[in-house]
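Residues in the sequence shown are numbered from -17 upward in steps of one, following the numbering used here. Each residue gets a CB set at the ideal place from its N, CA and C atoms; glycine is no exception.
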Amino acid sequence: MIRLDRVGMTYEAASGPVEALAAISMSVDAGEFVSLVGPSGCGKSTLLRIVAGLRPATAGTVTVANKDVREPIPDIGMVFQAPILLKWRSILQNVLLPAELAGQDAGALLGRAEQLLEMAGLKGFGDKLPRELSGGMQQRAALCRALLLDPPLLLMDEPFGALDAMTRDDMALELLRIWGERDVEREARKTVLFVTHSIPEAVFLSDRVVVMSPRPGRIAADLRIDLPRPRTVEIRGSEAFGRLSLQIFRALTGRSVGATA
């Protein structure tokens, strides 16, 4: 679904060029859930925007579904750290917004929007304004909005970063349920590229975790998460979960466990 070949990004700043990404090569298969972890400023969000076609790379090539990415691509859903809901529109109207922006008949997608809200546990809240919902409920509405046009690819930029720990865990389980972890064969699932700073979150959600180095962002490690699906809360206490988390920690920090700063 996604292929990056020696992708680089250099910004022109007043003080001179700033290299944000260097020689990023990786691929993501259809139906795969891949997380990007790395220190702040390593270019994770920039890489996501390059994949979406929102920002051109200054080196290398990007292909999505075997097509070169040279401009914004339509068949994606994007979810950001903040829900970014229009405060004067109801939740249902916010979910239907992508149809309007794409020039489609929003009325024809009303049933799908209501189905998504029900699936996300928001049945009966479609006529509410964003301020009437909790942060976690707003983020679920944002996820419904991203899914409205049934895109094969989801790009998620720290979507749960602003939530409290309990809500964040609930949202992780909700995302896996909506992704179809229990009910859908992998080939039929959406492809997800997910940015997070949380190692446990990355391990819990992902098929693979790609670790990025400090700026300029490079791939420091690409680890397969061989944990059984569907994932449950109990798996967090397993030896395998802890071992994988420590592997990512070492790749991320360059320090062995128990080492002092």
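In angstroms with no decimal places, state the Cα-to-Cα distance between residue i and residue j.
i: V44; j: E14; result: 17 Å
i: I6; j: A222; result: 28 Å
i: A128; j: R171; result: 15 Å
i: A203; j: G162; result: 27 Å
i: Q75; j: K69; result: 10 Å
i: M8; j: E216; result: 31 Å
i: P133; j: D11; result: 15 Å
i: A184; j: A84; result: 32 Å
i: P196; j: Y(-7); result: 16 Å
i: L111; j: L131; result: 22 Å
i: I32; j: A39; result: 6 Å
i: G106; j: G93; result: 14 Å
i: T28; j: S220; result: 34 Å
Going by alpha carbons, who is nearest to residue i out of the options?
i: I181; options: G117, I207, A90; result: I207
i: L157; options: L136, R197, L29; result: L136
i: T149; options: L131, H179, V174, Q121; result: Q121
i: I58; options: L36, L111, K110, I201; result: L36
i: E53; options: A41, A34, T40; result: A34
i: V61; options: R197, L209, F142, R213; result: F142
i: Q63; options: G117, D152, E167; result: G117
i: T(-13); options: M119, N48, A(-4); result: A small fix is needed here, since residue -13 is Asp in this sequence, not Thr. Comparing Cα positions, the closest option is N48.
i: L30; options: R164, A(-5), E140; result: E140
i: I164; options: S188, R213, C126, M119; result: With the sequence shown as reference, residue 164 is identified as Arg, and Ile is not the correct amino acid for it. Of the listed residues, the one whose Cα sits closest to R164 is R213.
i: L205; options: S220, G219, S188, R71; result: S188
i: D151; options: L234, L125, A95, R218; result: R218
i: T178; options: C126, P80, L234; result: L234
Applying the criterion that 16 or more other CB atoms from any shown protein chain within 10 Å of the CB defines a buried residue, is residue i buried or exposed?
i: Q97; result: exposed
i: P244; result: What the structure shows of the chain is the stretch from -17 to 243, and residue 244 is not part of that stretch, so it cannot be assessed.
i: L228; result: exposed
i: A(-4); result: exposed
i: P210; result: exposed
i: G236; result: exposed
Where does the unbroken beta strand (DSSP E) through residue i begin, and where does it stop?
i: P(-1); result: -2 to 10
i: F15; result: 15 to 19
i: L175; result: 173 to 177
i: I58; result: 58 to 61
i: A41; result: 41 to 46
If you measure between the beta carbons of residue i and residue j, is that distance less than 8 Å?
i: A154; j: F176; result: no
i: G20; j: A4; result: no
i: M138; j: V46; result: no
i: S17; j: V191; result: yes
i: A144; j: V77; result: no
i: L115; j: I66; result: no
i: V174; j: I230; result: no
i: E42; j: G199; result: The sequence given here places Gly at residue 42; Glu does not occur at that position. Result no, Cβ atoms of G42 and G199 do not sit closer than 8 Å.
i: I160; j: A88; result: no
i: M119; j: L104; result: yes
Could you spell out where the alpha helix (DSSP H) holding residue i opens and where it closes?
i: A203; result: From DSSP, A203 is part of no alpha helix (DSSP H) but of the beta strand (DSSP E) over 201 to 206.
i: E(-6); result: It is not in any alpha helix (DSSP H) - E(-6) instead sits in the beta strand (DSSP E) that spans -16 to -5.
i: L99; result: 92 to 101
i: A252; result: Any answer about residue 252 is impossible in this case: the structure gives the chain only from -17 up to 243.
i: G118; result: 117 to 129
i: F142; result: Segment: none, F142 is in no alpha helix (DSSP H) and carries neither H nor E.
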